[in-house]
Structure formats: C-alpha cells, structure tokens
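In UniProt numbering, the protein residues as written are 690 to 971.
Step one of this worksheet: look at the structure below.
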Ligand code: C2E
Ligand code: MG
Ligand code: MG
Ligand code: MG
C-alpha cells in the first residue's frame, strides 16, 4: 500500500517492506516503461451465479509489479495513467490480454465463460475506442457476447449523449456493458432507464457491512428490485461473509463476487477453481 504525503512524493512498500519514496515524476517515468518491460499482468476474480453456485465468468484486474517499488495497487497508478493518457495503451493491452485468455479457457472446455474488463473514462472517450474493442475481439476470436465492459457512473455521466451512443455501438457489436460501483455516483433513475446496459454491479461499500436490519439491506434490496424491473442482471461485489451470500440469495440477486467466494486469482489458480464446483453456496 502506498502512502501519499500530500506533497509530490509517494511512498511504496515492496514485498520486503522496504520503503521507497518516489516523486510523481519518477513514478510516471516508470509507468511509461512498464508495458514494454512487461511489468503488468492480470488477475482474474471469479464471478458466480447465485442460483447455481457456478463460476460464469471473471473480472480481469490489472497488477503492476515494479522491480524497485514492488506491487503497486491499481488504485495508485490508474489515476496517474489516466492523467497522463497512458491508460489508453494500458487499457488496450488489458482488453486484448483478457479476451485472449478467456478464449483460451473456452477452448479448454469452458465454452460459456465470460470476462469483464474495466474501462476508464479517458479510454472510453477516445475516438478509436470501438475500433480497439473490435481489434481485441478479432485478434482473440472471442465471441463478443462473452465480453463485458465495466463503466462507472461518472464515466457515463461525463458526456451522457456521447456515452449512450458509444454504448449502443457496443451493444450492436454484441458486447455487454455493466455499471461498476453502482450506487456511489449520481445517475438518476430516469437516466438508468435509457442506458443500454446489461448488468448493475452494486458497489462493495453497500455489501461489506450487509446484515439484516441495516439500512444497507434496504438499499441493496431496492437496487435488486430495480434490476428485475429494468430486466438487467444485478451483481453484488465485495461479498465477505456467508451471511451476506445467504441474504443476497434470498433477495434474488443474480450474481456475486468477493473475497468470501474467491480472491482475484492467478491464471493457474483460476483454472483450479473452474475444475472444482463451488460448495460455498449449500
Ligand atoms: P473495481 O473494478 O470495483 O474492482 C473490484 C475491486 O474490489 C478489486 O480491487 C478487487 O480485488 C476488490 N475486491 C473484490 N472482492 C472484494 C472483497 O470481498 N472485499 C474487498 N475489500 N475488496 C474486494 P483491485 O484489483 O485493487 O482494483 C481496484 C480498482 O482499480 C478496480 O475497482 C478498478 O476500478 C481499477 N482497476 C483494476 N484493474 C483495472 C484495469 O485493468 N483497468 C482500469 N481502467 N481500472 C482497473
Ligand atoms: Mg470493476
Ligand atoms: Mg467494482
Ligand atoms: Mg468497486
């Protein structure tokens, strides 16, 4: 985890807990070289269907392993990548890599497995974005219906007209769209009605403390009901207890994701997860 001193130096703790303070400028120059030096990789967190308990897909999550800084959290470098525009190239790499990996898993027999990829605002607003999505699909030969792009409310609301247009183009391609961290932004219900989306991902801040008789349960219940009404799927992120899973099942939430089910996994561990059926849900 990094520590921001409010100035322009950021401290990282590498695996050995050595402190490394770097300036923003240094961090940016490291980030510039990271793709070429192959310092990025993806982890895959299983997404499960609460009805069957099975894994139906994964969310691809980027990791940056820098030789000096150690593992840098996406929360620390994605904002910098956005500010510098580097996110375009990084985002395209994520898209391509996730599609290729998912296609590989399908060819290994998991034919209906899907993959979700986070798309940042800057990336989404690039004029060449749709072309990059098509490129990733062509290159990987992944059927578009197995790719979901995760957008946040603020990404869409930045320029709502343009966003809807782009989302409609994605839908035409057959790609799915989900709203990430739902409930933390300001999208009004009237917007929601007009958005061409397939899934709402309830932000983990509503799920982390989810227990009976809390206000969170009222909110989660409302979002699930709305999802059913709008005919979109609802996924709860950040499930950390058995009780939360039970509640979500009772509330007829479609999908879930969280540390209690599986943490983000390396490729080999994800494959093991695919092989053995989940027993968590019984
Ligand atoms: P996100 O898209 O909302 O991803 C979910 C985050 O919640 C992940 O953190 C995941 O590890 C974490 N998480 C999952 N289950 C639990 C749980 O039960 N408890 C808790 N406390 N956390 C849980 P991660 O991987 O550190 O990613 C953080 C954020 O960084 C992501 O939030 C996303 O906004 C961004 N990000 C990650 N990968 C990419 C990427 O490839 N491109 C872009 N643009 N953003 C990315
Ligand atoms: Mg996400
Ligand atoms: Mg999320
Ligand atoms: Mg989140």
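Ideal Cβ positions, reconstructed from N, Cα and C, are used throughout, including at glycine.
Quantities reported herein were computed from a predicted structural model and do not represent experimental measurements.
Buried or exposed (CB count within 10 angstroms, at least 16 for buried), residue 816: The residue you call residue 816 lines up with position 127 of the chain shown. Exposed, because fewer than 16 other Cβ atoms sit within 10 Å of the Cβ of residue 816.
Residue 739 in three-state terms, based on DSSP: As a position in the chain shown, residue 739 is number 50, starting the count at 1. Secondary structure of residue 739 (DSSP, three-state): coil.
Closest Cα partner of residue 909 within the set 933, 887, 886 and 735: For this step, residue 909 is matched to residue 220 along the chain shown. Checked all of 933, 887, 886 and 735; the closest Cα to residue 909 is 933.
Nonlocal neighbours in the same chain, by C-beta distance under 6 Å from residue 873, ignoring five residues either side: Translated into the one-based positions of the chain shown, residue 873 becomes position 184. For residue 873, where only same-chain residues beyond five positions count, the Cβ hits under 6 Å are 892.
Inter-residue Cα distance where the pair is residue 725 and residue 753: The sequence position of residue 725 within the chain shown is 36, counting from 1. The sequence position of residue 753 within the chain shown is 64, counting from 1. Rounded to whole angstroms, residue 725 to residue 753 spans 12 Å at the Cα level.
Opening and closing residue of the beta strand (DSSP E) in which residue 926 lies: Start at 1 with the first residue of the chain shown, and residue 926 comes out as number 237. Taken as a continuous stretch (DSSP letters only), the beta strand (DSSP E) holding residue 926 covers 922-926.
Beta strand (DSSP E) runs contained entirely in the region 801-861, provided each spans 3 or more residues: 803-807 and 836-841
Beta-carbon gap between residue 811 and residue 849 smaller than 8 Å: Within the chain shown, the letter at position 122 stands for residue 811. Within the chain shown, the letter at position 160 stands for residue 849. Not closer than 8 Å, so no.
Three-state secondary structure assigned by DSSP to residue 917: Residue mapping note: residue 917 aligns to position 228 of the chain shown, counting from 1. Note: residue 917 maps to helix in three-state DSSP.
Own chain residues within Cβ distance below 8 Å of residue 750, not counting five before or after: Counting from one through the chain shown, the residue named residue 750 turns up at place 61. Answer for residue 750: 731, 732, 733, 734, 763, 807 and 953, listed in chain order.
Rounded Cβ spacing between residue 868 and residue 842 (contact assumed at less than 8 Å): As a working note, residue 868 is residue 179 in the chain shown. As a working note, residue 842 is residue 153 in the chain shown. 6 Å between Cβ atoms; contact.
Whole-Å CB distance - residue 922 paired with residue 887, under 8 Å assumed: Within the chain shown, residue 922 is the residue found at index 233, counting from 1. Within the chain shown, residue 887 is the residue found at index 198, counting from 1. Contact holds; Cβ gap of about 6 Å.
Contact with chain C by residue 886, beta-carbon distance below 8 Å: The chain labelled as chain C is not found in the depicted structure, where only one protein chain is given.
Beta-carbon gap between residue 736 and residue 924 smaller than 8 Å: Taking the chain shown and counting its residues from 1, the one referred to as residue 736 is at position 47. Taking the chain shown and counting its residues from 1, the one referred to as residue 924 is at position 235. It is a contact, given that the beta carbons lie within the stated cut-off.
Residues of its chain near residue 796, where Cβ-Cβ distance is below 6 Å and the 5 sequence neighbours each way are ignored: One-based indexing of the chain shown puts residue 796 at position 107. Closer than 6 Å at the Cβ level, and outside the excluded window around residue 796, lies no residue.
Counted within 10 angstroms of its Cβ, other Cβ atoms place residue 695 as buried (16 or more) or exposed: For the purposes of this step, residue 695 is identified with residue 6 of the chain shown, where counting begins at 1. The pLDDT assigned to residue 695 is 48, lower than 50, so where the model puts this residue is not dependable; a value taken from the coordinates is nonetheless given after this. Looking at its Cβ environment, which holds fewer than 16 other Cβ atoms inside 10 Å, residue 695 is exposed.
Buried or exposed by the 16-neighbour rule on C-beta atoms within 10 Å, applied to residue 834: Taking the first residue of the chain shown as position 1, residue 834 is located at position 145. So residue 834 ends up on the exposed side.
Proximity test, residue 869 beta-carbon vs ligand 2 heavy atom, cut-off 7 Å: The residue given as residue 869 occupies position 180 in the chain shown. Yes - ligand 2 has a heavy atom lying nearer than 7 Å to the Cβ of residue 869.
Exposed unless 16 or more other CB atoms sit within 10 angstroms - verdict on residue 714: What you label residue 714 is simply residue 25 of the chain shown in a count that begins at 1. Exposed.
Cβ pair residue 926, residue 890 closer than 8 Å: Within the chain shown, numbered from 1, the residue matching residue 926 stands at position 237. Within the chain shown, numbered from 1, the residue matching residue 890 stands at position 201. Yes, the Cβ-Cβ distance between residue 926 and residue 890 is below 8 Å.
Any non-hydrogen atom of ligand 2 closer than 7 Å to residue 807 Cβ: By one-based count along the chain shown, residue 807 stands at place 118. Checking every heavy atom of ligand 2 against the Cβ of residue 807, one is found closer than 7 Å.
Straight-line Cα distance separating residue 896 from residue 846: Translated into positions along the chain shown, residue 846 becomes position 157. Translated into positions along the chain shown, residue 896 becomes position 207. So the alpha carbons of these two residues sit roughly 24 Å apart.
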